[in-house]
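Asks: Chains as they are written, first to last, in the working numbering: chain A, 120 to 212; chain B, 5 to 229.
Provided herewith is a single structure, encoded as structure tokens, for subsequent inquiry.
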Ligand SMILES: [Zn+2]
């Protein structure tokens with residue numbers, strides 16, 4: 120494989136391999152201030168890590184779409200049965 | 005500005021656990037119906053991640069609601085109503101999963117963490133010592149599929165690729181990602197319902213998201229080849 124990536128400036132000491140393991144922590148806000156600044160400085164100069172961050176962010180939003188059709192809706196008969204149990208529990212006598 | 009109809013007021017009120025629990029204790033059917041319609045779909049998704057079969061998931065969910073009905077009087081409010089219900093589900097689903105000889109997602113947190121462990125991105129994609137650049141930068145940047153047109157990203161096929169990738173995840177990872185990203189739970193709620201630490205939750209979530217991201221990358225690479 121050949122390198123087609125521009126070299127980062129020497130003051131960027133954060134390996135991309137480390138950055139990609141911190142993406143969820145970064146999005147959760149669980150990275151302390153000084154390290155967060157380093158991550159953001161790295162993002163400013165690294166298109167690869169920026170892609171990974173944007174992609175994770177994107178897939179979180181896409182995941183919200185899965186709710187629409189992946190499970191059966193509660194069937195009326197079952198709903199009635201559960202509600203009947205609730206009503207019955209209301210009058211334990 | 006205060007022109008909300010009365011119905012909206014009552015719906016908003018059930019969002020408040022103090023109000024909701026009070027109503028449930030008073031056996032207010034509107035409160036229970038609200039709860040049922042709000043969480044049934046999410047319960048089914050989580051049940052599926054344990055038992056992998058719609059008919060059994062259906063039974064698990066039914067048993068969960070029965071548990072909610074019989075347990076309301078004993079609910080002490082130490083957790084939210086939402087996480088209390090999901091704990092009931094998780095316990096029933098785990099017991100059922102054992103009976104169906106399925107793997108148990110949270111049999112032990114350490115096992116769950118080992119399950120499917122691995123880096124977010126294949127290490128071959130970064131430069132490492134003794135290569136010219138020992139700082140772990142990209143050999144070549146990942147395909148920037150996030151710049152694909154909106155209609156392509158939002159297409160049913162893309163969502164289907166994602167759903168399949170999630171189905172292939174180890175159970176613990178799938179469950180955390182389902183609750184966080186599909187159902188929009190907070191990390192506190194997930195930790196509370198599954199009884200795992202904040203750190204474990206983030207590790208499981210990150211591994212799950214990384215694998216799904218990779219599956220999407222492969223899908224877009226294949227499509228653009
Ligand atoms: Zn980078």
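Backbone N, C-alpha and C fix where the C-beta goes; we use that ideal spot for every residue, glycine too.
1. How many angstroms separate the CA atom of residue 141 of chain A from the CA atom of residue 33 of chain B?
2. How would you label residue 154 of chain A, buried or exposed, when you count the other beta carbons within 10 angstroms and need 16 or more for buried?
3. So, does the segment 192-206 of chain B touch the segment 88-102 of chain B, judging by three or more C-beta pairs under 8 Å?
4. With 7 Å as the limit, tell me which residues of the segment 53-87 of chain B have their beta carbon closer than that to any beta carbon of chain A; keep them in chain order.
5. Nearest-angstrom Cα distance between residue 46 of chain B and residue 125 of chain B?
6. Rounded to the nearest angstrom, what separates residue 214 of chain A and residue 66 of chain B at their Cα positions?
7. Please list, in chain order, the residues of the segment 138-150 of chain A that have any C-beta partner in chain B closer than 8 Å.
8. At which residue ranges does the segment 170-215 of chain B contain complete alpha helix (DSSP H) runs of 4 or more residues, listed in the order of the chain?
9. Closest by CA to residue 200 of chain A, which one among B/98, B/62 and B/83?
10. Specify, as a first and last residue, the run of the alpha helix (DSSP H) that residue 166 of chain A falls within.
11. For the alpha helix (DSSP H) that contains residue 36 of chain B, what are its first and last residues?
12. Can you find a C-beta in chain C that's less than 7 Å from the C-beta of residue 199 of chain A?
13. Would you decide whether residue 95 of chain B is buried or exposed? Buried here means 16 or more other CB atoms lie within 10 Å of its CB.
14. Could you give the distance in angstroms between the alpha-carbon of residue 157 of chain A and the alpha-carbon of residue 210 of chain B?
15. Extract the residue ranges of the beta strand (DSSP E) inside the segment 53-103 of chain B, only unbroken runs of 3 or more that lie entirely within it.
16. Tell me the DSSP secondary structure of residue 224 of chain B in three-state form.
17. Going by DSSP, what residue range makes up the alpha helix (DSSP H) through residue 26 of chain B?
18. Starting from residue 157 of chain B and walking both ways along the alpha helix (DSSP H), at which residues does that stretch end?
19. For the segment 134-168 of chain A, which segments carrying the alpha helix (DSSP H) assignment without a break, of at least 4 residues, lie completely within its bounds, in sequence order?
20. Answer yes or no: does any C-beta atom of chain B fall closer than 7 Å to that of residue 225 of chain A?
21. Does ligand 1 have a heavy atom nearer than 6 Å to the CB of residue 140 of chain B?
22. Within the present structure, is the beta-carbon of residue 145 of chain B separated from the nearest heavy atom of ligand 1 by less than 6 Å?
23. Buried or exposed: where does residue 5 of chain B fall if 16 or more other Cβ atoms within 10 Å of its Cβ makes it buried?
24. What did DSSP end up calling residue 145 of chain B once you bin it into helix, strand or coil?
25. Does the contact criterion of 3 or more C-beta pairs under 8 Å hold for the segment 142-156 of chain B versus the segment 16-29 of chain B?
26. Skipping 5 residues on each side, what residues in its chain have a beta carbon closer than 6 Å to that of residue 85 of chain B?
27. Can you round the beta-carbon distance between residue 28 of chain B and residue 76 of chain B to whole angstroms, since I take them to be within the 8 Å contact cut?
28. Which residues does DSSP list as the beta-bridge partners of residue 18 of chain B?
Replies: By the coordinates alone:
1. Stepping through the first chain from its first residue, residue 141 of chain A is reached at position 22. Stepping through the second chain from its first residue, residue 33 of chain B is reached at position 29. Taking the Cα positions, residue 141 of chain A is about 46 Å away from residue 33 of chain B.
2. The residue labelled residue 154 of chain A in the question sits at position 35 within the first chain. Exposed, since its Cβ has fewer than 16 Cβ neighbours within 10 Å.
3. yes
4. 58, 66, 69, 70, 73 and 74
5. Reading the second chain from its first residue, position 42 is the one you call residue 46 of chain B. Reading the second chain from its first residue, position 121 is the one you call residue 125 of chain B. Their Cα atoms are separated by approximately 30 Å.
6. Residue 214 of chain A cannot be examined here, being either before or after the span of chain A that is shown, 120 to 212.
7. 139, 140, 142, 143, 144, 147 and 149
8. Along the length of the segment 170-215 of chain B, whole alpha helix (DSSP H) runs at least 4 residues long occupy 175-181 and 191-198, reported in chain order.
9. Locating residue 200 of chain A in the first chain gives position 81, where the first residue counts as 1. Closest option to residue 200 of chain A, Cα to Cα, is B/62.
10. What you label residue 166 of chain A is simply residue 47 of the first chain in a count that begins at 1. Residue 166 of chain A -> alpha helix (DSSP H) spans 166-182.
11. Position 32 of the second chain, counted from the first residue, corresponds to residue 36 of chain B. Residue 36 of chain B -> alpha helix (DSSP H) spans 33-55.
12. The question asks about chain C, but that chain is absent: this structure's protein chains are A and B.
13. The sequence position of residue 95 of chain B within the second chain is 91, counting from 1. With fewer than 16 Cβ atoms within 10 Å of its Cβ, residue 95 of chain B is classed as exposed.
14. By 1-based counting over the first chain, the position of residue 157 of chain A is 38. By 1-based counting over the second chain, the position of residue 210 of chain B is 206. In this structure, the alpha-carbon of residue 157 of chain A lies about 20 Å from that of residue 210 of chain B.
15. none
16. Taking the second chain and counting its residues from 1, the one referred to as residue 224 of chain B is at position 220. Helix, per DSSP.
17. As a first step, residue 26 of chain B must be located in the second chain, where it is residue number 22. Here the alpha helix (DSSP H) through residue 26 of chain B covers 21-29.
18. For this step, residue 157 of chain B is matched to residue 153 along the second chain. Taken as a continuous stretch (DSSP letters only), the alpha helix (DSSP H) holding residue 157 of chain B covers 154-157.
19. As far as the segment 134-168 of chain A is concerned, its whole alpha helix (DSSP H) runs of at least 4 residues are 135-138, 142-147 and 152-164.
20. The structure shown has nothing for residue 225 of chain A, since chain A only spans 120 to 212.
21. Residue mapping note: residue 140 of chain B aligns to position 136 of the second chain, counting from 1. False, no ligand heavy atom lies under 6 Å from that Cβ.
22. Residue mapping note: residue 145 of chain B aligns to position 141 of the second chain, counting from 1. Not under cutoff, so the answer is no.
23. Position 1 of the second chain holds residue 5 of chain B. Model confidence at residue 5 of chain B stands at a pLDDT of 43, short of 50, so the residue's coordinates are unreliable and nothing is read from them.
24. Counting from one through the second chain, the residue named residue 145 of chain B turns up at place 141. Residue 145 of chain B: coil per DSSP, three-state reduction.
25. no
26. To locate residue 85 of chain B, count along the second chain from 1; it is residue 81. If we look at residue 85 of chain B and ignore the five residues flanking it on each side, its Cβ neighbours are 21 and 24.
27. Along the second chain, one-based indexing puts residue 28 of chain B at 24. Along the second chain, one-based indexing puts residue 76 of chain B at 72. With 8 Å as the limit, residue 28 of chain B and residue 76 of chain B qualify as a contact, their Cβ atoms being about 5 Å apart.
28. Start at 1 with the first residue of the second chain, and residue 18 of chain B comes out as number 14. None, per the DSSP bridge assignment.
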